[in-house]
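Undergrad:
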Ligand SMILES: NC(=O)c1ccc[n+]([C@@H]2O[C@H](COP(=O)([O-])OP(=O)(O)OC[C@H]3O[C@@H](n4cnc5c(N)ncnc54)[C@H](OP(=O)(O)O)[C@@H]3O)[C@@H](O)[C@H]2O)c1
């Protein structure tokens, strides 16, 4: 089906995609769950974050089996060490391994991924075409690029799929919409852009918070106080901006009085667009690496 750039929703559902209705825990009705059976292959940082978000959203995880070599148990969820022990053919497979582990998983998974199985892959840089070569019989292949704040249901989630019927697209979209701002993209290249910005973004924001905290320490605050002030400032600013819908320029103007302290700081930050340039080359580097990973995955699927 033809997909459009379609914003599904903020959490909680409904309301303007560009505004946060509330940041309080949501109270949506429980009940929607994963198709039975669902397998999650790999459950590290990102798989674990998705699970945490679904749990917080009250998604029924009874149908889920996790496959991970360590067999490290996850409370309340059936966990096995090998695909051979996973059980009946899955309706949904969520791939949450590193791209480097795909070769290993592929051989074992292919025979389970038939015409009744939808594959949702989180693997950054591994294209639908590459996945399709590995799992030619699968009913549909969807790529998802989440980011770590899905764990607290404030994630950014990009989706792109091929061979999807409308019902499946809706079901998958709704599952991920429980984890934050979810958008279907109509062009796989845009998914890479979303990954460079939203997928990697929490790491850049974390660095910015750390830099704020270090600067606060240099002004004489204790390290713990500076860290808390830096984090709360970024959190509060994001909350305010999302709630008010004000542009970032308008927000900065509200803080900066003419010739005041903030303006003195902004003059440094804005000089020669130094911050814009730093962020632009940072995101470009992430996008370039994403393209390299896609090429490596493509090469290995042809090998
Ligand atoms: N981290 C992010 O912010 C982010 C953002 C967007 C997309 N992604 C994508 O998410 C994927 C997972 O990243 P991650 O950061 O969660 O990696 P991770 O923390 O290293 O987790 C990898 C998981 O894969 C499992 N695994 C390894 N070999 C396996 C095999 N042969 N069969 C089954 N499971 C296997 C590991 O099992 P054990 O637990 O038993 O060791 C672990 O649970 C990557 O493809 C990445 O591109 C990540």
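In our numbering, the protein residues as written are 22 to 324.
We put the CB at the ideal spot given by N, CA and C, even for glycine.
1) Is any non-hydrogen atom of ligand 1 found closer than 7 Å to the C-beta of residue 169, if you look at the structure I gave you?
2) For residue 290, name the three-state secondary structure that DSSP assigns.
3) Quick one: using the 10 Å Cβ neighbour count with 16 as the cut-off for buried, is residue 334 buried or exposed?
4) Within the present structure, is the beta-carbon of residue 62 separated from the nearest heavy atom of ligand 1 by less than 7 Å?
5) So, helix, strand or coil for residue 148, using DSSP?
6) Got a sec, what are the start and stop residues for the alpha helix (DSSP H) residue 250 sits in?
7) Just tell me which of 187, 60, 303, 298 has its CA closest to the CA of residue 111.
8) From what residue to what residue does the alpha helix (DSSP H) around residue 269 run?
9) In chain order, what are the residue ranges of uninterrupted beta strand (DSSP E) at least 3 long that sit wholly in the region 110-166?
10) Relative to the C-alpha of residue 318, which candidate in 223, 57, 94, 155 has its C-alpha closest?
11) Please confirm whether any heavy atom of ligand 1 lies closer than 7 Å to the CB of residue 132.
12) Jot down the residue ranges of each uninterrupted beta strand (DSSP E) in the region 172-197, minimum 3 residues, whole runs only, in chain order.
13) Please confirm whether any heavy atom of ligand 1 lies closer than 7 Å to the CB of residue 339.
14) Select from 96, 115, 312, 108 the residue whose C-alpha is nearest the C-alpha of residue 159.
15) Does the region 201-216 come into contact with the region 299-318, if we say contact requires no fewer than three beta-carbon pairs (one atom in each stretch) closer than 8 Å?
16) Between 74, 119, 162, which lies nearest to residue 136 when the distance is taken from Cα to Cα?
17) Does the region 192-211 come close enough to the region 162-175 that 3 or more CB-CB pairs lie under 8 Å?
18) Start and end of the alpha helix (DSSP H) containing residue 67?
19) Could you tell me whether the Cβ atoms of residue 107 and residue 138 are closer together than 8 Å?
20) According to DSSP, is residue 314 part of a helix, a strand, or is it coil?
21) Which residue wins for smallest C-alpha separation from residue 199, given the options 83, 65, 58, 72?
22) By alpha-carbon positions, which one of 201, 302, 92, 113 ends up nearest to residue 217?
23) Give the secondary structure of residue 219 by DSSP, where H, G and I count as helix, E and B as strand, and everything else as coil.
24) Thinking C-beta only, is residue 180 closer than 8 Å to residue 203?
25) What's the gap between the Cα of residue 249 and the Cα of residue 287?
26) Tell me which same chain residues have a C-beta within less than 8 Å of the C-beta of residue 262, skipping the five on either side of it?
27) Name, in chain order, the residues that DSSP records as bridge partners for residue 61.
28) Report back the beta-carbon spacing between residue 245 and residue 230 to the nearest angstrom; my notes put them in contact at under 8 Å.
29) Helix, strand or coil, according to DSSP, for residue 301 in the structure here?
30) State yes or no: is the C-beta of residue 74 within less than 8 Å of the C-beta of residue 220?
TA: The structure says:
1) For the purposes of this step, residue 169 is taken as the residue at position 148 of the chain shown. Within the cutoff, so yes.
2) Against the chain shown, residue 290 aligns to sequence position 269. DSSP, read as helix, strand or coil, puts residue 290 in helix.
3) Outside the displayed range of the chain (22 to 324) lies residue 334, so it cannot be described from this structure.
4) Taking the first residue of the chain shown as 1, we reach residue 62 at position 41. Residue 62 Cβ: within cutoff of ligand 1.
5) Counting from 1 along the chain shown, the entry for residue 148 is found at position 127. DSSP places residue 148 in coil when its eight states are reduced to three.
6) Position 229 of the chain shown, counted from the first residue, corresponds to residue 250. It spans 244-265 - the alpha helix (DSSP H) in which residue 250 sits, taken as one unbroken run.
7) Position 90 of the chain shown holds residue 111. Comparing Cα-Cα distances from residue 111 to each of 187, 60, 303, 298, the minimum goes to 60.
8) Reading the chain shown from its first residue, position 248 is the one you call residue 269. First-last of the alpha helix (DSSP H) with residue 269: 269-276.
9) 113-116, 139-142, 161-166
10) Taking the chain shown and counting its residues from 1, the one referred to as residue 318 is at position 297. Closest by alpha carbon: 155.
11) Counting from 1 along the chain shown, the entry for residue 132 is found at position 111. Residue 132 Cβ: outside cutoff for every heavy atom of ligand 1.
12) The qualifying runs are 176-183.
13) Nothing about residue 339 can be read from this structure; the chain reaches only from 22 to 324.
14) For the purposes of this step, residue 159 is taken as residue 138 along the chain shown, with counting starting at 1. If we check each option's Cα against that of residue 159, 115 comes out closest.
15) Two segments are said to touch when three or more pairs of C-beta atoms, one from each, lie closer than 8 Å; by this definition the region 201-216 touches the region 299-318.
16) Indexing the chain shown from 1 puts residue 136 at position 115. Ranked by how close their Cα comes to the Cα of residue 136, the residues 74, 119, 162 have 162 in first place.
17) yes
18) Against the chain shown, residue 67 aligns to sequence position 46. Run containing residue 67: 66-78, per the alpha helix (DSSP H) assignment.
19) Reading the chain shown from its first residue, position 86 is the one you call residue 107. Reading the chain shown from its first residue, position 117 is the one you call residue 138. No; because the gap between Cβ atoms is not below 8 Å, this pair is not in contact.
20) Reading the chain shown from its first residue, position 293 is the one you call residue 314. If DSSP states are grouped into helix, strand and coil, residue 314 belongs with the helices.
21) Locating residue 199 in the chain shown gives position 178, where the first residue counts as 1. The shortest C-alpha separation from residue 199 is found at 72.
22) Position 196 of the chain shown, counted from the first residue, corresponds to residue 217. Of the candidates 201, 302, 92, 113, the one whose C-alpha sits nearest the C-alpha of residue 217 is 302.
23) Within the chain shown, the letter at position 198 stands for residue 219. Looking at residue 219 - three-state DSSP - the assignment turns out to be helix.
24) Numbered from its first residue, the chain shown carries residue 203 at position 182. Numbered from its first residue, the chain shown carries residue 180 at position 159. Yes.
25) Counting from one through the chain shown, the residue named residue 249 turns up at place 228. Counting from one through the chain shown, the residue named residue 287 turns up at place 266. Between residue 249 and residue 287, the C-alpha separation is close to 22 Å.
26) As a working mapping, residue 262 is identified with position 241 in the chain shown. Correct list, in chain order: 269, 272.
27) For this step, residue 61 is matched to residue 40 along the chain shown. Looking at the DSSP assignment, residue 61 forms a beta bridge with 87, 115.
28) Residue 245 sits at position 224 when you count from the first residue of the chain shown. Residue 230 sits at position 209 when you count from the first residue of the chain shown. The pair is not a contact, with the Cβ atoms about 14 Å apart (cut-off 8 Å).
29) Within the chain shown, the letter at position 280 stands for residue 301. In the structure shown, residue 301 sits in a helix (DSSP, three-state: H, G or I).
30) Taking the chain shown and counting its residues from 1, the one referred to as residue 74 is at position 53. Taking the chain shown and counting its residues from 1, the one referred to as residue 220 is at position 199. Cβ atoms of residue 74 and residue 220: not closer than 8 Å.
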